[in-house]
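Protein chains in written order, with the numbering used here: chain A, 563 to 962; chain B, 38 to 100.
For each residue, glycine too, the CB sits at the ideal point set by N, CA and C.
Here the structure is laid out as C-alpha cells; the discussion comes afterwards.
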C-alpha cells in the first residue's frame, strides 16, 4: 500500500491540497490568464519535473518566440518504474493539469493541445475532466505504451504524429520542430500543474512530488518543500537506516555515505554528483546489495533500450554483462577498468538518455562503493547469486 | 558549420572515419561519434567526405 503525504506547512499551497473534481472549477480554476504569469514562473525558478530539470520559463519562451502554429503537450507518461507521481496527478488532479496545459497554450499562443498518457485510469480521468470543462482549445488525448523511453520528448512527438513511441536524434528538439513539424512545448504534467498552482495562488509552495520506495520500508508519494533533507523523506516511510539510495529513478545513480544530507534541489544534487530526475528515490534495505541493485538497473535499462542506436544496444548490453560477472566474482582484471571506461565514454552517445542512465548507475557504483565491489572478487554475495531480472520489478512502485 | 550524427542511423560501417580521422572516433563496436560538433577551421572538406562516405546517411552538416 502506497501512502500519500504532504510535508508542506500549509497543505493548500501544494498540489495535494488543491481542490479536485468539479470543486476545482468552483474554487476559481481556469481563471483568465494573469498578465504576470510568466514572470511568476521565472521568479519561482520553476524547473521541469519530467527528469531533466530544464527551466520552465525558458522552454515556454522558446516556443512562444517561434513562428507558425504552435502545439502544447501534457506529458503524463512516466517511464521510470519507481515513479508514480504523474499518473497519480492525472488520476486525481486532472483539472489542475488541464488548467496548466491551457495556461501554457495561452503563454505560447498555441492553437492545439494534447494529453499523452499510458495509464488507462489516467486517460479516463482526463477524458472525464475534459467533459466537465472545456479548456478553451482543442485537446486530444493520445494513448501510448508504457516503456522507459515512451515519455522522452521526441518519442512523445513521434507517437502523437502516428509513429512508434521511440526517440529521434536531436536537433531538432520539439520546441523547434515537434508535432506535425510545429514548434511544440512538451511539458511534464507536474510542471503544468505547478504552473496552474502559481496562477491561482501567489503563495504556491516551492515543492516537489517525490516517490519513495525501497527494500527496507514502505512506499509513499510525498509532496515536500524544496530543500527537504533526504533523511526526512526516508524517515517518513521507514528507510532511515538505509545505507544507500538510487536517485532520480535510475537517472541519478547510486549514493552511499552522506545521502542523508542531500536535499531536494536540482542544482544541489547535481553539484553533489547526483540528480533529482523525476523525483523517485529507491532506498536500499538491509538485505539489499548495491551491486545487485546496479546489476538489476543496468539489466532493466538494457532490456528497455529502444534498440535504435547500435551504441545503446552494445553499450547497455556490455555494461550489464560485465557488471553481472563482477557481482558473481567471475570478472577478470579487465572487467572493472572496462566498466570504468564505458561509464565515462558512453554518456551522450544515444538519441535519448537511457544509455546515460545506465552509465551513471555503473559510474556511481564504481566511485562510491569500491569496497563493496572489492568484496565481490570472490563469490559469496547471496543477493548477487540470484539471477537478476531485467523487468525492473525491484524498482516498480504500485500506485496509491 | 556543425557535423551531426544521428546515432539511430549509425550501423557501424566505420567508413566515415578514414576521410575525417581528426573529427570522428569509432568505438570498439565500430559505432561512430563526432569528437567536436563544431567543424574545426580547415576541416570542412574532410567533414563533407565523411558525410558522403556513410552508406546510411547517419552524418549531416548543418550551417
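I'd like to know whether the C-beta atoms of residue i and residue j end up nearer to each other than 7 Å.
i                      : j                      : result
residue 625 of chain A : residue 658 of chain A : no
residue 745 of chain A : residue 769 of chain A : no
residue 712 of chain A : residue 639 of chain A : yes
residue 804 of chain A : residue 952 of chain A : no
residue 823 of chain A : residue 789 of chain A : no
residue 920 of chain A : residue 881 of chain A : yes
residue 747 of chain A : residue 634 of chain A : yes
residue 564 of chain A : residue 781 of chain A : yes
residue 807 of chain A : residue 938 of chain A : no
residue 774 of chain A : residue 846 of chain A : no
residue 839 of chain A : residue 643 of chain A : no
residue 891 of chain A : residue 941 of chain A : yes
residue 636 of chain A : residue 751 of chain A : yes
residue 88 of chain B  : residue 38 of chain B  : no
residue 70 of chain B  : residue 62 of chain B  : yes
Is the beta carbon of residue i within less than 6 Å of some heavy atom of the ligand COA?
i                      : result
residue 775 of chain A : Because no ligand of any kind appears in the structure shown, any question about the ligand COA cannot be addressed here.
Are there 16 or more other CB atoms within 10 angstroms of the CB of residue i, so buried, or fewer, so exposed?
i                      : result
residue 607 of chain A : exposed
residue 648 of chain A : buried
residue 866 of chain A : buried
residue 60 of chain B  : buried
residue 630 of chain A : exposed
residue 685 of chain A : buried
residue 99 of chain B  : exposed
residue 94 of chain B  : exposed
residue 870 of chain A : buried
residue 585 of chain A : exposed
residue 79 of chain B  : exposed
residue 905 of chain A : buried
residue 772 of chain A : buried
Only counting the same chain, and skipping five residues up and downstream in sequence, which positions put a Cβ closer than 6 Å to that of residue i?
i                      : result
residue 700 of chain A : 674
residue 815 of chain A : 922, 923 and 926
residue 578 of chain A : 568 and 785
residue 67 of chain B  : 49 and 51
residue 848 of chain A : 778
Leaving out five residues before and five after residue i in sequence, what residues of the same chain have Cβ atoms less than 8 Å from its Cβ?
i                      : result
residue 732 of chain A : 716 and 913
residue 720 of chain A : 726, 727, 728, 729 and 730
residue 687 of chain A : 652, 653, 654 and 656
residue 723 of chain A : 741 and 742
Counting contacts by CB-CB distance shorter than 7 Å, is residue i in contact with chain B?
i                      : result
residue 716 of chain A : no
residue 872 of chain A : yes
residue 721 of chain A : no
residue 762 of chain A : no
residue 615 of chain A : no
residue 876 of chain A : yes
residue 864 of chain A : no
residue 731 of chain A : yes
residue 912 of chain A : yes
Whose CA, out of the options, lies closest to the CA of residue i?
i                      : options                       : result
residue 973 of chain A : A/841, A/809 and A/637        : What the structure shows of chain A is the stretch from 563 to 962, and residue 973 of chain A is not part of that stretch, so it cannot be assessed.
residue 628 of chain A : A/705, A/739 and A/645        : A/739
residue 776 of chain A : A/906, A/585, A/956 and A/892 : A/956
residue 55 of chain B  : B/98, B/79 and B/91           : B/91
residue 812 of chain A : A/572, A/591, A/576 and A/613 : A/613
residue 664 of chain A : A/696, A/644, A/680 and A/683 : A/696
residue 58 of chain B  : B/65, B/41, B/72 and B/38     : B/72
residue 910 of chain A : A/890, A/877, A/901 and A/929 : A/877
residue 794 of chain A : A/610, A/831 and A/821        : A/821
residue 830 of chain A : A/694, A/792, A/591 and A/679 : A/792
I'd like to know whether the C-beta of residue i is nearer than 7 Å to at least one C-beta of chain A.
i                     : result
residue 68 of chain B : yes
residue 44 of chain B : yes
residue 47 of chain B : yes
With a CB to CB cut of under 7 Å and the five nearest residues on each side skipped, what residues in its chain are close to residue i?
i                      : result
residue 702 of chain A : 676
residue 667 of chain A : 634, 675 and 699
(Q) Closer than 8 Å between beta carbons: that is the criterion. Which residues of the stretch 926-941 of chain A meet it against chain E? (A) The chain inventory of the structure shown lacks chain E, comprising the protein chains A and B.
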